[in-house]
Amino acid sequence: MSSFQELTLKLSEFWAREGCVLQQPYDLEVGAGTMHPDTFLRVLGPEPWRVAYAQPSRRPADARYGENPFRLGKHYQFQVVLKPSPPDIQQLYVDSLAAIGVDLAVHDLRFEEDNWEAPTLGAWGVGWQVMLDGMEITQFTYFQQAGGMTLDPISAEITYGLERLTMFLGLSRSVYGIDWVPGGIDYGAVRHQDEVELSRYYFEVADIGYLRAQFDGAEAEAERCLEVDLVLPAYEHALKCSHAFNVLDARGAVSVTERVALIKRVRDLAVACANGYVASRERLGFPLLPGTPEERRAAAMVEAVDGEG
Amino acid sequence: MAKGELLLEIRCEEIPARMLSAGIRGLATRLFEELMGTSLGPREVETGITPRRLVVFLKGIPEREPERDEELQGPPASAAYDAEGKPTRAAEGFAKRCGVEVEALRRVETEKGEYVVAVQHHEGRSAREVLAELIPRLILEIPWPKTMRWGEGSGPFVRPVHGVVALFEGEVVPFELLGVASGDTTVGHPRLSPEPFRVRGSADYRRKLSRRGIEVRVDRRREVLAEGMAKAAEELGGSLVEDDELLDRLAAICEVPGIVEGRFEPELLGLPREVLTTSLRDHQSALAVESDGELLPAFLTVMDRPDDPAGRVRAGNEWVVAARLEDARFFWQEDRKVALAERVDQLQNLTFHAALGSYAEKAGRIRDLADEICERLGWEVEREAAREAGLLLKADLTTEMVKEFTSLQGVMGGVYAREEGYPEAIWRAIYDQYRPTSVEDPVPNGRVGMAVAVADRIDTMVGFFGRGMKPKGSKDPFGLRRAAQGVVRILLEGGLDLDIDLVAARAARLYGERLRAEAGEVLSDLRPFFDDRVRYILGRRGFAFDEIEAGLAVGAADLPDLAARVEALHDARHESAFLSVVLAAKRILNILKGSPEYEFHAERLVEPAEKDLYDGARRLKSEVEAAEGVKDYRSSLKHIGEFAEILDRFFVEVLVMDENRDLKENRIALLQLIHRTPSRTARLTEMVVDRAEHRARSEGPETEG
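As they're listed, the protein sequences go chains A and B.
Following this note's numbering, the residues of the first sequence are numbered contiguously, the last one being 309.
Following this note's numbering, the residues of the second sequence are numbered contiguously, the last one being 705.
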């Protein structure tokens with residue numbers, strides 16, 4: 001039976017071998033691995049990029065006081081981005097399952113349509129939920145737009161739900177019972193108190209006035225940063241807005257109309273950051289493109305001339 | 001490989017199941033049409049789909065386009081030849097452009113003078129050549145609901161393309177599709193038989209796939225699946241709870257279909273049947289099994305592999321189903337802690353539409369409209385129940401179960417109401433509120449159910465029409481056409497004499513300030529919208545358009561009455577006497593066109609035929625009135641038919657346009673009188689009469705037909 005940490009380790013090893021930058025989780029609260037700037041910002045613009053990391057992802061509304069065996073207010077996503085998406089990406093993904101011990105000679109694997117959309121990020125993609133024996137274990141997405149911009153090249157994003165995958169491989173009845181360390185300390189021992197306390201905080205204790213002030217303050221700070229072309233600090237504050245919104249929402253403090261307005265404020269920031277990021281990379285000469293800036297300029301000219309011919 | 005045979009296979013990453021059928025149909029149809037257009041039409045077209053393949057088999061394609069000569073007009077002969085009759089440079093240039101020798105040019109006489117022409121001979125392209133141009137273009141033109149790009153910007157297509165097999169008579173039709181070259185090599189199932197292999201033609205392709213357990217004909221996969229499932233259900237001691245739509249989907253999502261049989265805890269059978277079947281269907285694409293009308297603790301679904309050697313597939317599916325049903329049980333327990341009546345208050349926080357207020361407001365309006373409907377129909381006994389059901393109709397929107405399974409809205413409210421002990425009239429009205437959900441689905445049973453179902457729909461329609469959100473073209477985001485159709489069917493099938501206009505007017509008043517348009521404006525928009533639904537539904541019942549128009553022209557306030565009139569018309573139209581009347585009515589209409597109104601004087605009638613006509617018309621008026629008074633439209637049309645003889649004799653024996661002005665004006669006045677004779681049955685002049693058919697029928701042996 002797989003343990004939580006072995007799964008993380010094996011996925012890290014597998015994708016590191018495929019040339020991914022093995023990144024660490026972002027050090028701010030985010031709702032999904034996609035919001036990590038190494039996904040959301042790096043998929044923009046022409047530069048190639050490969051990254052993999054485990055990201056603790058906060059969904060305050062899904063918190064259940066540690067009582068529901070399947071739902072968590074914070075879970076871990078293993079996130080992989082390959083830009084541009086290679087032609088054998090599906091096969092690579094299947095190979096990654098073999099690497100974590102899924103023997104496809106005895107399992108049923110299907111790719112069912114599931115398109116992804118994140119209104120707060122002005123982003124959408126096309127792809128599948130990957131079903132292993134009828135269980136959704138991965139979100140597989142070809143990003144088409146982010147920050148309101150049409151993407152080219154296209155990135156493939158693979159998001160494994162680590163808890164679910166571990167549970168499923170062991171057919172465990174509760175997330176808290178899965179091994180974190182093989183044969184040792186379990187998930188409950190590491191995380192249960194965390195879930196209980198965070199649930200109480202999100203649903204009962206969180207101060208609505210404080211959260212609203214936090215949202216407004218972070219929004220103002222993000223806008224100030226954008227004015228002086230500080231894209232990454234601006235984006236961090238947009239993330240803070242997003243998390244404050246999620247907690248307010250879980251607290252039941254957001255009405256239907258306000259909800260739409262708050263989402264729009266976060267999206268406006270995300271879109272501005274995305275645009276600012278592409279501009280900033282362009283000023284740097286898109287340093288991750290192959291070749292020196294001079295070579296690239298020459299190649300671009302040749303291409304332009306060819307294009308006319 | 002057979003002569004004239006094309007095999008085309010496009011291999012992609014998994015194409016969404018919902019798009020497969022329409023996608024392949026689109027491709028095959030276009031391919032067939034375009035080939036017909038170049039005289040290369042195939043004799044047979046067959047298609048295949050799996051999640052990863054689009055396949056077209058064509059047979060009987062001619063080898064090449066037919067030869068043909070094309071005549072191209074050149075310069076005038078005067079410019080093409082000099083005085084000695086030698087070709088000029090203009091002639092030489094023209095011949096060169098056409099690719100013919102200058103000696104081959106001919107002179108032709110045209111309206112504008114003499115010109116030279118060149119005859120270009122076209123060999124006709126080979127089928128292979130045409131296919132190489134056609135296929136990649138048509139593949140890219142498949143109208144997918146959603147496309148994507150991948151990699152360095154390849155696409156757009158429904159999913160990334162990995163391979164193309166294109167063989168005409170066993171040889172590759174060369175082309176490139178989105179960076180992939182066509183060839184003769186394909187692969188089997190990605191995990192069971194991934195090694196590439198070559199194919200020589202359609203039969204070889206089918207044989208080699210079949211050896212790998214792959215059947216590309218989706219209807220055949222469906223048959224095998226349905227049989228297998230029926231058998232598995234039998235072995236479980238029951239039978240399948242049929243779900244054709246789900247079976248279609250299951251057949252589409254696998255290329256090597258195997259059946260997964262799973263079980264769940266028997267105590268979960270305490271959940272309502274609707275919840276169990278919906279959870280199994282929506283979450284696990286699984287079918288339930290029943291015996292004697294009771295569900296068994298088992299389910300059936302498919303896997304994309306033939307077997308389950310380690311039992312892992314079954315164990316996995318059971319694990320997920322158990323978790324899902326546990327969730328459902330939790331919702332079932334929690335939801336019942338709050339009564340539906342209390343939930344009506346919570347609807348204040350739920351927006352029906354930003355412009356139209358909350359569901360709490362809607363619930364109030366439905367209650368009042370249902371009350372109004374009962375009052376108008378004289379359903380005094382049901383009024384109170386209809387008010388109550390109307391108010392509770394949307395309460396289940398606040399339940400966890402409906403948030404999880406939106407398709408259970410209504411049904412769930414009905415189930416909870418039943419649990420709370422509401423009378424059957426009320427819980428059933430809530431349960432059936434969305435009926436009819438399809439053309440075949442029945443309308444709600446019982447007066448309370450019909451009243452609230454109509455009230456809900458008219459409220460929705462008046463709201464959206466009143467805010468200018470009407471359906472446009474194929475865009476109908478709020479499902480207003482379906483709503484209108486539901487109302488029409490309920491009124492027709494329930495036999496309800498309910499004037500939609502009056503209910504809609506009340507609905508508009510209930511919305512008050514929320515509507516932007518004036519009530520009168522909303523009603524005048526809604527009327528033709530409903531009439532269109534009436535036309536559609538009566539058309540589906542087999543009535544001709546002119547029968548429906550003739551009926552509609554004299555009113556659609558009472559729909560069952562309209563249906564009865566149209567039906568009587570449908571039956572009467574083939575009687576020759578009736579047809580004569582229609583012809584006479586049209587003739588009268590023509591005579592009267594543009595004529596001023598004259599005063600009629602009975603004493604001025606002179607000819608026996610016109611006196612008979614006047615008497616006949618008076619008799620007819622009272623006969624028709626009497627028949628229509630008891631809604632006997634067959635009799636009313638029969639009386640009208642009997643009038644044919646009198647009318648015909650009048651037109652034969654009497655000259656309307658007499659030289660005597662008094663006589664002429666009086667005869668026109670008589671016709672005006674007849675024309676105005678009120679008939680509530682139909683406006684006869686709307687009927688289309690085929691004179692030839694009429695003659696054939698009245699003279700032929702099938703007169704009584």
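Ideal Cβ positions, reconstructed from N, Cα and C, are used throughout, including at glycine.
message: Classify B:H639: buried if its beta carbon has 16 or more other beta carbons within 10 angstroms, exposed otherwise.
response: Here residue 639 of chain B is taken as the residue at index 639 of the second sequence, counted from 1. Classification for B:H639: buried.
query: Helix, strand or coil: how does DSSP classify B:L515 here?
result: Walking along the second sequence from the start, residue 515 of chain B turns up at place 515. Three-state DSSP puts B:L515 in coil, outside helix and strand.
Short-range partners of chain B found in the stretch 72–97 of chain A, where Cβ spacing is below 9 angstroms: P84, S85, P86, P87, I89, Q90, Q91, V94
query: Using the beta-carbon count (16 or more within 10 Å), is B:E686 buried or exposed?
result: Position 686 of the second sequence, counted from the start, is the residue given in the question as residue 686 of chain B. Flag for B:E686 reads buried.
message: Please report the straight-line C-alpha distance between B:R533 and B:G539, rounded to a whole angstrom.
response: If you number the second sequence from 1, residue 533 of chain B lands on position 533. If you number the second sequence from 1, residue 539 of chain B lands on position 539. One C-alpha to the other measures close to 10 angstroms.
field: Residues within the stretch 320–341 of chain B neighbouring chain A, beta-carbon criterion of under 7 angstroms
entry: V320, A323
Minimum Cβ-Cβ distance from B:G26 to chain A less than 8 angstroms: Along the second sequence, one-based indexing puts residue 26 of chain B at 26. No, its Cβ sits nowhere closer than 8 angstroms to a Cβ of chain A.
field: the stretch 279–292 of chain B in contact with the stretch 305–313 of chain B per 3-pair CB rule at 8 angstroms
entry: no
- prompt: By the criterion of Cβ-Cβ separation under 7 angstroms, what are the contact partners of B:W150 in chain A?
  reply: Translated into positions along the second sequence, residue 150 of chain B becomes position 150. Those within 7 angstroms of B:W150 in chain A are S85, Y142, I154.
query: If you measure beta-carbon to beta-carbon, which residues of the stretch 246–257 of chain B are closer than 8 angstroms to chain A?
result: I253, C254
- prompt: Got a sec: is the Cβ-Cβ distance from B:T301 to anything in chain A below 8 angstroms?
  reply: Here residue 301 of chain B corresponds to residue number 301 of the second sequence, with the count starting at 1. For B:T301, the answer is yes, since a Cβ of chain A falls inside 8 angstroms of its Cβ.
query: Sorted by chain position, which residues of the same chain lie with C-beta nearer than 6 angstroms to B:R159's C-beta, five sequence neighbours on each side aside?
result: Locating residue 159 of chain B in the second sequence gives position 159, where the first residue counts as 1. C12, E13, I15.
field: Simplified DSSP assignment, three categories, for B:G48
entry: As a first step, residue 48 of chain B is located in the second sequence; it is residue number 48 there, counting from the start. Strand.
task: Please name the residue, chosen from B:G262, B:P143, B:D658, that lies closest to B:A315 on a Cα-to-Cα basis.
output: Your numbering for residue 315 of chain B matches position 315 in the second sequence. Of the listed residues, the one whose Cα sits closest to B:A315 is B:G262.
Delimiting residues of the beta strand (DSSP E) encompassing A:T159: Indexing the first sequence from 1 puts residue 159 of chain A at position 159. Run containing A:T159: 156–161, per the beta strand (DSSP E) assignment.
message: Quick check on B:V402 - is its C-beta less than 8 angstroms from some C-beta in chain A?
response: Stepping through the second sequence from its first residue, residue 402 of chain B is reached at position 402. Not one chain A Cβ lies under 8 angstroms of B:V402.
- prompt: From B:E363 to B:A425, what does the alpha carbon distance come to, in whole angstroms?
  reply: Locating residue 363 of chain B in the second sequence gives position 363, where the first residue counts as 1. Locating residue 425 of chain B in the second sequence gives position 425, where the first residue counts as 1. In the sequence as displayed, the identity of residue 363 of chain B is Ala instead of Glu. Rounded to whole angstroms, B:A363 to B:A425 spans 18 angstroms at the Cα level.
task: Have a look at the DSSP bridge pairing and note the partners of A:W124.
output: For the purposes of this step, residue 124 of chain A is identified with residue 124 of the first sequence, where counting begins at 1. BP columns for A:W124 point to A:E117, A:Q145.
task: Confirm, please, whether the CB-CB distance from A:A156 to A:S85 is below 8 angstroms.
output: Within the first sequence, the letter at position 85 stands for residue 85 of chain A. Within the first sequence, the letter at position 156 stands for residue 156 of chain A. Yes, Cβ-Cβ distance for A:S85 and A:A156 is below 8 angstroms.
- prompt: Checking contacts by CB at 8 angstroms: is A:G161 closer than that to chain B?
  reply: Counted from its first residue, the first sequence places residue 161 of chain A at position 161. Taking Cβ atoms only, chain B never reaches closer than 8 angstroms to A:G161, which makes this a no.
query: Rounded C-beta distance between B:V448 and B:A386? I'm assuming under 8 angstroms.
result: Here residue 448 of chain B refers to the residue found at position 448 of the second sequence. Here residue 386 of chain B refers to the residue found at position 386 of the second sequence. So it is a contact: roughly 5 angstroms between Cβ atoms.
- prompt: Going by Cα to Cα distance, which pick from B:Y205, B:E547, B:E361 is closest to B:E567?
  reply: Taking the second sequence and counting its residues from 1, one reaches residue 567 of chain B at position 567. Checked all of B:Y205, B:E547, B:E361; the closest Cα to B:E567 is B:E547.
- prompt: From this set, B:T47, B:L7, B:E234, which residue's C-alpha is nearest B:R128's C-alpha?
  reply: Position 128 of the second sequence holds residue 128 of chain B. Nearest of B:T47, B:L7, B:E234 to B:R128, Cα basis: B:L7.
- request: Kindly indicate if chain B contains any beta-carbon less than 8 angstroms away from that of A:L104.
  value: In the first sequence, counting from the first residue as 1, residue 104 of chain A sits at position 104. Answer yes: the Cβ-Cβ gap between A:L104 and chain B drops below 8 angstroms somewhere.
message: Suppose contacts are defined by Cβ-Cβ distances below 8 angstroms. Is B:A564 in contact with B:A455 by that definition?
response: Working through the second sequence from its first residue, we reach residue 564 of chain B at position 564. Working through the second sequence from its first residue, we reach residue 455 of chain B at position 455. Contact: no.
message: Please list, in chain order, the chain B residues whose beta carbon lies closer than 7 angstroms to that of A:D108.
response: The residue given as residue 108 of chain A occupies position 108 in the first sequence. Within chain B, the residues near A:D108 are M303, D304, R305, V313.
Chain B contact residues for A:G19, given Cβ-Cβ distances below 8 angstroms: Counting from one through the first sequence, the residue named residue 19 of chain A turns up at place 19. Ordered by position in chain B, no residue passes the 8 angstroms Cβ test against A:G19, which lies about 16 angstroms from the chain.
A:L9: contacting residues in chain B (beta-carbon distance under 7 angstroms): The residue labelled residue 9 of chain A in the question sits at position 9 within the first sequence. Correct list: empty, because the minimum Cβ distance to chain B is about 23 angstroms.
C-beta neighbour in chain C for B:A17, strict 8 angstroms: Absent from the structure: chain C. Protein chains present are A and B.
message: Taking the straight line between their C-alpha atoms, what separation do you get for B:G705 and B:S576?
response: Residue numbering aside, residue 705 of chain B sits at position 705 when the second sequence is read from its first letter. Residue numbering aside, residue 576 of chain B sits at position 576 when the second sequence is read from its first letter. Bear in mind that the predicted position of B:G705 carries a pLDDT of just 30, short of 50, making it unreliable; the figure below should be weighed with that in mind. Answer to the nearest angstrom: the Cα atoms are 9 angstroms apart.
- prompt: Leaving out the 5 sequence neighbours to the left and right, which residues in its chain are closer than 8 angstroms to A:R173 when beta-carbon positions are compared?
  reply: Taking the first residue of the first sequence as 1, we reach residue 173 of chain A at position 173. Excluding sequence neighbours, A:R173 sits near P69.
query: Opposite B:L58 in the DSSP bridges: which residues?
result: For the purposes of this step, residue 58 of chain B is taken as residue 58 along the second sequence, with counting starting at 1. DSSP, once it has assigned bridges, lists B:L6, B:V45 as partnering B:L58.
field: Under the three-state DSSP convention, the category B:S239 falls into
entry: The count along the second sequence starts at 1 and reaches residue 239 of chain B at position 239. In this structure, B:S239 counts as strand in the three-state DSSP scheme.
field: Residues near A:A32 in its chain [Cβ-Cβ closer than 7 angstroms; skip 5 each side]
entry: Residue mapping note: residue 32 of chain A aligns to position 32 of the first sequence, counting from 1. Only S57, Q77 meet the Cβ criterion.
field: CA-to-CA distance, B:E223 to B:D248, given in whole angstroms
entry: Position 248 of the second sequence, counted from the start, is the residue given in the question as residue 248 of chain B. Position 223 of the second sequence, counted from the start, is the residue given in the question as residue 223 of chain B. Cα-Cα distance, rounded: 10 angstroms.
- prompt: A:L171 versus chain B: which residues are under 7 angstroms apart at the beta carbon?
  reply: Here residue 171 of chain A refers to the residue found at position 171 of the first sequence. Ordered by position in chain B, the residues that pass the 7 angstroms Cβ test against A:L171 are A315, W319.
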